[in-house]
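Protein chains in written order, with our numbering: chain A, 1 to 533; chain B, 1 to 282.
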């Protein structure tokens, strides 16, 4: 029995068995071939086993067998479409894990986020990735569209792909918009209140649209549940469908466009032929994609853990208190800017609809057959102009533009904002020396000479306070609302409780309208361990 | 190296680096989570302080000192050590505070010291019982109150020590000279402003565009044929209204709303100060 056992034979049989298994799993590639793939070597067997994968494996059958060489030039695509998809997967995976800890009920939602961040290992990282991924996805989808527009890749047979792409841009924006509400903090609540308020402005069915979206006149339990279901079920399902169609068109129908010069440029035929050389999916494109994926993950992790990106979380949503500076997410500032310009129905509903319609119609409006930048000056000009308009509108959408806040409120809000940190809360707790500090026009060099190291942070905040107040008192060039005639201002710091101090801003002035002395007072409580120092 | 090899190399490097960073991050997680909870607690106290300032300080005092004979102190050693046994509460002090704030209190638990029978002595604050606050806000208030635990002074003796004998209910009694400035302060600390407000103009005894100040109003009431009290001058009328609030009820108001024990909790001097202040409001 033992004699018949041949070690050599056993080894090769074992190798054979493993090799077979690997071939089954990889749908055609054996161990040797796999090694060659990783080393970038050409295939050993004929017919090329790397093509077989594309017919036998479901996942690979979606992918093309090859790209044309020129379409893989980095500066042509910048891999923007790839990263849009990458972030979609990041969002899907982190989102599913986040669903374990989240409960879409107003009384629980905010608490579940706090719980995620304080009781779940890697919980905060998970939320940060989800949030950063969402913002990155918006950026990449938008840039992807810009790239497609500038290279003229939406023309001819690609017009339907462009159409699905515009829809995907919309889906991306709606996904992040409804996801925005889920933490149920002030930021979320009011941004989404404004956003859904636009639905109400829609002509004919506005009231119904608003009720359908919010589940009531105001956002409450129903509205949160609806936003949640839109965010985790309906919109992702639509996105998967549209991405599939979008990608199918690219991979099976028309491929990635070549840079315009290889299609219509004045270059030698040899070079044109070279540009259409095939680059096989396995190994070149596959390793490239795996590389980009690892790069993407690395970039996410580094920007969060090393560079400290942190998903914002304000105080819990309070329908009774509208924060002073309500702000939509940055990618909707342009819409807020539009809203400041005119009627809610026109600017908030009709115009955006027209913009979306125009975007979809671009391939049909633009009859210019050329794709090169230089041969379509009008289209490129309009494109650049649109970007400029977008930037200007976005600026107008921020609270910096067109919102007049009375001087006292503004000054205190800038030093100690209702939400977020601000200069006052950045002062180390020990520097908040109890006392009454009056603004006199001259700024003291150090407010607490009795401390060994003084209180530079408090002094600098008080200096800023003095400067703003003094200017509001004395500068006659300021508009009336920003002035404080005969003003008097105090900063009062009191010990209030164990590790808790109370800071009071008190500003008095003569109101020119009512001829009376007015007082603005704001109390801020600061705890030693609040964690924003 | 071919492009594929380079990409495999750097891809592996990125994966390893990401893994390393994640591992390092993971080792710090317990510390980070513990800190996060501390910060959360701190923010909860801050928010609680703000809510207390708006909703509770009127009765329980800005520093939780309460008002003798009317509203119990919260910043009080007794509250943190004996209160649960006193009322026979089986849960934690936090539960007790949350429950009391949420549901309010219908009947005083210490009627000898803090009278209150027949009408709620503390209103319900939770939204679900008709109050203005959400559950998380009440939790924040509880966090703020509990933060007094380590420093709360013993107020049981302080309360017995009034600055002098109580003034009683005799409105003809001769009072010492009053100081209007001190009187204004007392109106705030003795709980008057809790009820006597007509926002946004401030305390109800001030002059408004519709009516003059309380001193002038008091004189007008004396000439009213329906007046049933015993006062013969504005100062006596105000004196009577404070120590014997049910002697005469101004039309439009209910009897029995104002606590009738100010005669027991104010000294002659304090009453004189308050009257002096009110008389300046023409």
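A virtual CB, placed ideally from N, CA and C, is assigned to each residue, including glycine.
Min CB distance residue 182 (chain A) to chain B below 8 Å: It does not; no Cβ of chain B falls within 8 Å.
Proximal residues of chain B, C-beta to C-beta of residue 291 (chain A) below 7 Å: Neighbours of residue 291 (chain A) across chain B, judged by C-beta separation under 7 Å: 7, 10 and 11.
Residues bridged to residue 183 (chain A) [DSSP beta-bridge criterion]: In DSSP, residue 183 (chain A) forms no bridge with anything.
Chain A contact residues for residue 135 (chain B), given Cβ-Cβ distances below 8 Å: What residue 135 (chain B) touches in chain A: 107.
Simplified DSSP state of residue 210 (chain B), which is helix, strand or coil: Of the three classes helix, strand and coil, the one that applies to residue 210 (chain B) here is coil, per DSSP.
Closer than 9 Å at the beta carbon, the chain B residues around residue 122 (chain A): For residue 122 (chain A), the residues of chain B that pass the 9 Å Cβ criterion are 22, 25, 26 and 29, in the order they occur in the chain.
Straight-line Cα distance separating residue 496 (chain A) from residue 218 (chain B): Rounded to whole angstroms, residue 218 (chain B) to residue 496 (chain A) spans 39 Å at the Cα level.
Alpha-carbon spacing of residue 76 (chain B) relative to residue 69 (chain B), whole angstroms: For residue 76 (chain B) and residue 69 (chain B), the gap between their C-alpha atoms comes out near 15 Å.
Reduced DSSP secondary structure (H/G/I, E/B, other) of residue 510 (chain A): It is a strand residue.
Coil, strand or helix - residue 533 (chain A) by DSSP: Bear in mind that the predicted position of residue 533 (chain A) carries a pLDDT of just 45, short of 50, making it unreliable; the figure below should be weighed with that in mind. Three-state DSSP puts residue 533 (chain A) in coil, outside helix and strand.
Secondary structure of residue 162 (chain A), DSSP reduced to three states: Note: residue 162 (chain A) maps to helix in three-state DSSP.
DSSP-derived helix/strand/coil call for residue 128 (chain A): Reduced to three states, the DSSP call for residue 128 (chain A) is helix.
Identified DSSP bridge partners for residue 126 (chain B): DSSP, once it has assigned bridges, lists B:133 as partnering residue 126 (chain B).
Min CB distance residue 525 (chain A) to chain B below 8 Å: Output row for residue 525 (chain A): interface = yes.
Close Cβ partners of residue 533 (chain A) (< 6 Å) along its chain, the five nearest in sequence each way excluded: Residue confidence is low: residue 533 (chain A) scores 45 on pLDDT, short of 50, so the model does not pin down where it sits. No coordinate-derived value is stated.
Neighbouring residues, chain B, relative to residue 133 (chain A) (Cβ below 9 Å): The contacting residues do not exist; residue 133 (chain A) stays about 15 Å from chain B at best.
Rounded C-alpha distance that separates residue 129 (chain B) from residue 448 (chain A): In this structure, the straight-line span from the alpha carbon of residue 129 (chain B) to that of residue 448 (chain A) is close to 48 Å.
Sheet register partners of residue 527 (chain A) (DSSP bridge): DSSP output for residue 527 (chain A) lists A:500 as bridge partner(s).
Residue 435 (chain A), enclosing beta strand (DSSP E) - first and last residue: 435–438 is the span of the beta strand (DSSP E), which, as asked, contains residue 435 (chain A).
Chain B residues whose Cβ lies nearer than 8 Å to that of residue 497 (chain A): Per Cβ cutoff of 8 Å: 45, 49, 144, 147, 148 and 151.
Sub-8 Å separation of residue 255 (chain A) and residue 84 (chain A) beta-carbons: Not in contact: residue 255 (chain A) and residue 84 (chain A) (Cβ atoms no closer than 8 Å).
Residue 15 (chain A) burial status per 10 Å Cβ neighbour count (16 or more: buried): Burial state of residue 15 (chain A) is exposed, judged by a 10 Å Cβ sphere holding fewer than 16 other Cβ atoms.
Selection of the segment 193–222 of chain B by Cβ proximity to chain A, strictly under 8 Å: The segment 193–222 of chain B vs chain A, Cβ under 8 Å: nothing.
Contact set between the segment 50–84 of chain A and chain B, restricted to residues whose Cβ is under 7 Å from the partner: Going along the segment 50–84 of chain A in chain order, one finds no residue with a Cβ nearer than 7 Å to chain B.
Proximal chain A residues relative to residue 15 (chain B), where beta-carbon distance stays under 7 Å: Going along chain A in sequence order, the residues near residue 15 (chain B) (Cβ under 7 Å) are 294.
Test: residue 117 (chain A) CB closer than 8 Å to a CB of chain B: So yes, residue 117 (chain A) belongs to the interface.
Chain E contact for residue 264 (chain B) (CB, 8 Å cutoff): You won't find chain E in this structure, because its protein chains are A and B.
Contacting positions in the segment 61–91 of chain B - beta carbon closer than 7 Å to chain A: Within the segment 61–91 of chain B, no residue has a Cβ lying closer than 7 Å to any Cβ of chain A.
Exposed unless 16 or more other CB atoms sit within 10 angstroms - verdict on residue 145 (chain A): Per the 10 Å Cβ criterion, buried.
Residue-chain proximity (residue 3 (chain B), chain A), Cβ-Cβ < 8 Å: So, interface residue.
Beta-carbon neighbours of residue 129 (chain B), restricted to chain A and to distances below 8 Å: One finds nothing in chain A with a Cβ atom closer than 8 Å to the Cβ of residue 129 (chain B); even the nearest lies about 15 Å away.
Check: residue 13 (chain B) C-beta below 7 Å from any heavy atom of the ligand FAD: In the structure on display, the ligand FAD does not appear, and there are no ligands present to speak of.
Element boundaries [beta strand (DSSP E), containing residue 280 (chain A)]: Residue 280 (chain A) -> beta strand (DSSP E) spans 278–280.
Candidates B:240, B:257 and B:183: closest to residue 278 (chain B) by CA position: Residue 278 (chain B) has its Cα closest to that of B:183, out of B:240, B:257 and B:183.
CB contact below 8 Å: residue 170 (chain B) versus chain A: No, no contact with chain A.
Near-chain B residues of the segment 125–152 of chain A (beta-carbon distance less than 9 Å), N- to C-terminal order: Against chain B - using a Cβ distance shorter than 9 Å - the residues of the segment 125–152 of chain A are 125.
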